[in-house]
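Mapped onto UniProt numbering, the consecutive letters of the sequence shown carry residue numbers 1 to 415. Positions of the beta carbon are idealized from the N, C-alpha and C atoms, including for glycine. Since the model is a prediction, treat every value here as computed from it, not as a measurement.
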Amino acid sequence: MTATAHRPPTAREDLVGVLAELDPATAEARLAKPEVIEHTQRAHDHLFTDPGRLSPALRRALAARVAEQHGAPGLAQEHHRHDPVDLTVATADESVAALVRHADLLSLAPALVTPQDVAALTAVGLDADGIVLLSQVVAVTAYEARLVTGLRLLAGHDDGATPAPAADLPARGKYAPDVAPNGLPVPRVYTRELLGWLPWVEPIPAEELTDEHRAAFAGKSDGSYFRLLARETGVLAARTQIDHAVFLTRVGLPRAERELAAAVTSKVNDCLFCASVHARKAAQLSKRPEDVDRLLAADVPRGPGWAPADLTALSAGQDERWAAVVDLSAALAASPSRATAAHVTRLRELGLEPVELVDLVASVAFFSWANRLMLTLGEPHLPADTPLTADSALAADSALAADSAVTDPTTGETR
Numbered sequence: 001m002t003a004t005a006h007r008p009p010t011a012r013e014d015l016v017g018v019l020a021e022l023d024p025a026t027a028e029a030r031l032a033k034p035e036v037i038e039h040t041q042r043a044h045d046h047l048f049t050d051p052g053r054l055s056p057a058l059r060r061a062l063a064a065r066v067a068e069q070h071g072a073p074g075l076a077q078e079h080h081r082h083d084p085v086d087l088t089v090a091t092a093d094e095s096v097a098a099l100v101r102h103a104d105l106l107s108l109a110p111a112l113v114t115p116q117d118v119a120a121l122t123a124v125g126l127d128a129d130g131i132v133l134l135s136q137v138v139a140v141t142a143y144e145a146r147l148v149t150g151l152r153l154l155a156g157h158d159d160g161a162t163p164a165p166a167a168d169l170p171a172r173g174k175y176a177p178d179v180a181p182n183g184l185p186v187p188r189v190y191t192r193e194l195l196g197w198l199p200w201v202e203p204i205p206a207e208e209l210t211d212e213h214r215a216a217f218a219g220k221s222d223g224s225y226f227r228l229l230a231r232e233t234g235v236l237a238a239r240t241q242i243d244h245a246v247f248l249t250r251v252g253l254p255r256a257e258r259e260l261a262a263a264v265t266s267k268v269n270d271c272l273f274c275a276s277v278h279a280r281k282a283a284q285l286s287k288r289p290e291d292v293d294r295l296l297a298a299d300v301p302r303g304p305g306w307a308p309a310d311l312t313a314l315s316a317g318q319d320e321r322w323a324a325v326v327d328l329s330a331a332l333a334a335s336p337s338r339a340t341a342a343h344v345t346r347l348r349e350l351g352l353e354p355v356e357l358v359d360l361v362a363s364v365a366f367f368s369w370a371n372r373l374m375l376t377l378g379e380p381h382l383p384a385d386t387p388l389t390a391d392s393a394l395a396a397d398s399a400l401a402a403d404s405a406v407t408d409p410t411t412g413e414t415r
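The structure is reproduced here in structure tokens:
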């Protein structure tokens, strides 16, 4: 059920909107894309009410922890209201402790996740369906947290800086093998070239897909990524609708800038695969490949837990509008968010309308979800005909991808 214009929505209809405490202009702007509101709520309801490999009480406990890590106390309180498992007690069980360790990594440092981390989940009894469910609980919560944080800023609520999140992250660098398990070279630099992606968790075999599975990723091919996410069919169905509404409709922010925001978010989270897809599309739609390549080439120094230490290089050399879009996107994508009222004021002074600002927040939030899945359920690789040399990696970074929408045969992602 969708709330009408005659009364405010309830938390059962629009939890994000209720937690954001929207002003009239932002509330009206959100109604330009009602599918985002509806299907965000559907994804939430599916994750926290449907049966699955993890109890709803444990899912809510993990989601509350993630929401707190991302500076969304209202979202955390919503989960606490439903009597979640007490993790301080439950982690005495090594299987629960393993889930918490993995959730912390996926939440705060997804680029550090390795195939061995996923194997550790299998070792404590989690099967492929359970791994996808756990991943979606964390990734969807990161998405919701950014929606709430961004919309609160648009509505005039500057909640201030969020304390450093509670987590025990491993002291290691990004997972960066020379070759993927299929023997193909792994990209070492950001590029607009078409990349492949190899799952670490077994997707549903194509011949076993049901009509319900296929409907959940309608408009995509049956590549390994969507066949894997189809293990949580209801969440995937909601994701597909949100993706379409945010990125493929004409209303809102210019599409090139939505794709730019996706690429920026992917740089912050260090997801080379997602950045390649959306940088390619941003360059195509904007006809500004040099500016997009400047973003891809920007150095983002990393601190403990692979957190970006400085985001300023991402907007260097961009014009005033793109610099403001990049700066807000990067700040909101950080974990926890570093976005402030000043970022919003700057964009408004440049003429961005409420519906465009809402779209920008949704673009960053969506890729805060997507990056976490791409980085932690598999890994990218270069095309089969790419030689494994340093020179070829540099050449890949400067190569121009075809200026047309393409479907990745591995993941099924079309952009």
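CA-to-CA distance, residue j to residue i, given in whole angstroms
i: residue 186; j: residue 382; result: 6 Å
i: residue 149; j: residue 253; result: 19 Å
i: residue 268; j: residue 338; result: 12 Å
i: residue 228; j: residue 349; result: 43 Å
i: residue 378; j: residue 325; result: 29 Å
i: residue 371; j: residue 141; result: 13 Å
i: residue 391; j: residue 188; result: In this prediction, residue 391 scores a pLDDT of 32, lower than 50, which makes its location untrustworthy; no coordinate-derived value is stated.
i: residue 94; j: residue 86; result: 14 Å
i: residue 154; j: residue 235; result: 27 Å
i: residue 266; j: residue 125; result: 31 Å
i: residue 82; j: residue 30; result: 27 Å
i: residue 346; j: residue 157; result: 16 Å
i: residue 298; j: residue 208; result: 43 Å
i: residue 182; j: residue 202; result: 14 Å
i: residue 178; j: residue 251; result: 42 Å
i: residue 277; j: residue 221; result: 15 Å
i: residue 127; j: residue 314; result: 39 Å
i: residue 98; j: residue 121; result: 7 Å
i: residue 143; j: residue 180; result: 28 Å
i: residue 308; j: residue 244; result: 29 Å
i: residue 218; j: residue 92; result: 42 Å
i: residue 213; j: residue 242; result: 17 Å
i: residue 32; j: residue 89; result: 45 Å
i: residue 351; j: residue 119; result: 49 Å
i: residue 388; j: residue 274; result: With a pLDDT of 42 at residue 388, under the threshold of 50, the modelled position of that residue is not reliable, and the figure given next carries that caveat. Roughly 21 Å between the two C-alpha positions.
i: residue 205; j: residue 233; result: 14 Å
i: residue 172; j: residue 10; result: 43 Å
Residue range of the unbroken alpha helix (DSSP H) whose run includes residue i
i: residue 46; result: 34-49
i: residue 380; result: From DSSP, residue 380 is part of no alpha helix (DSSP H) but of the beta strand (DSSP E) over 378-381.
i: residue 65; result: 56-69
i: residue 255; result: 255-269
i: residue 302; result: It is not in any alpha helix (DSSP H) - residue 302 carries neither H nor E in the DSSP assignment.
i: residue 72; result: Counting along the chain, residue 72 falls outside any alpha helix (DSSP H), and DSSP gives it neither H nor E.
i: residue 204; result: Segment: none, residue 204 is in no alpha helix (DSSP H) and carries neither H nor E.
i: residue 312; result: Counting along the chain, residue 312 falls outside any alpha helix (DSSP H), and DSSP gives it neither H nor E.
i: residue 226; result: 224-229
i: residue 281; result: 272-286
i: residue 318; result: Element bounds for residue 318: n/a, residue is neither H nor E.
i: residue 247; result: 233-247
i: residue 296; result: 289-297
i: residue 114; result: Segment: none, residue 114 is in no alpha helix (DSSP H) and carries neither H nor E.
i: residue 24; result: 24-30
Beta-carbon proximity check, residue i vs residue j, cutoff 8 Å
i: residue 46; j: residue 316; result: no
i: residue 330; j: residue 264; result: yes
i: residue 369; j: residue 112; result: no
i: residue 484; j: residue 79; result: Examination of residue 484 is not possible in this model, given that the chain is present from 1 through 415 alone.
i: residue 374; j: residue 197; result: yes
i: residue 184; j: residue 333; result: no
i: residue 296; j: residue 259; result: no
i: residue 216; j: residue 249; result: no
i: residue 114; j: residue 175; result: yes
i: residue 106; j: residue 138; result: yes
i: residue 364; j: residue 192; result: no
i: residue 41; j: residue 21; result: no
i: residue 65; j: residue 48; result: no
i: residue 151; j: residue 26; result: yes
i: residue 36; j: residue 262; result: no
i: residue 44; j: residue 15; result: yes
i: residue 336; j: residue 69; result: yes
i: residue 376; j: residue 165; result: no
i: residue 301; j: residue 310; result: yes
i: residue 343; j: residue 359; result: no
Where the beta strand (DSSP E) through residue i begins and ends
i: residue 199; result: 196-199
Contact test: residue i Cβ vs the ligand HEM heavy atom, cutoff 7 Å
i: residue 371; result: The ligand content of the structure shown is nil, which means the ligand HEM is not present either.
query: Unbroken alpha helix (DSSP H) runs of length 4 or more, entirely within the region 124-192: which are they?
result: If one requires a minimum length of 4 residues, the alpha helix (DSSP H) runs lying completely within the region 124-192 are 128-154, in chain order.
Continuous alpha helix (DSSP H) assignments of at least 4 residues falling wholly in the region 80-112: If we require 4 residues or more, the alpha helix (DSSP H) runs fully inside the region 80-112 come out as 87-90, 94-108.
- prompt: Along the chain, which unbroken stretches of the beta strand (DSSP E) at least 3 residues long are found entirely within the region 320-389?
  reply: Complete beta strand (DSSP E) runs here, min 3: 378-381.
task: Would you check if there are 3 or more beta carbon pairs closer than 8 Å linking the region 53-61 to the region 126-136?
output: In short, these stretches touch, since the Cβ pair count reaches three.
Stretch pair the region 64-73 + the region 272-290: three plus CB contacts closer than 8 Å: With the cut-off at 8 Å, the region 64-73 and the region 272-290 do not touch.
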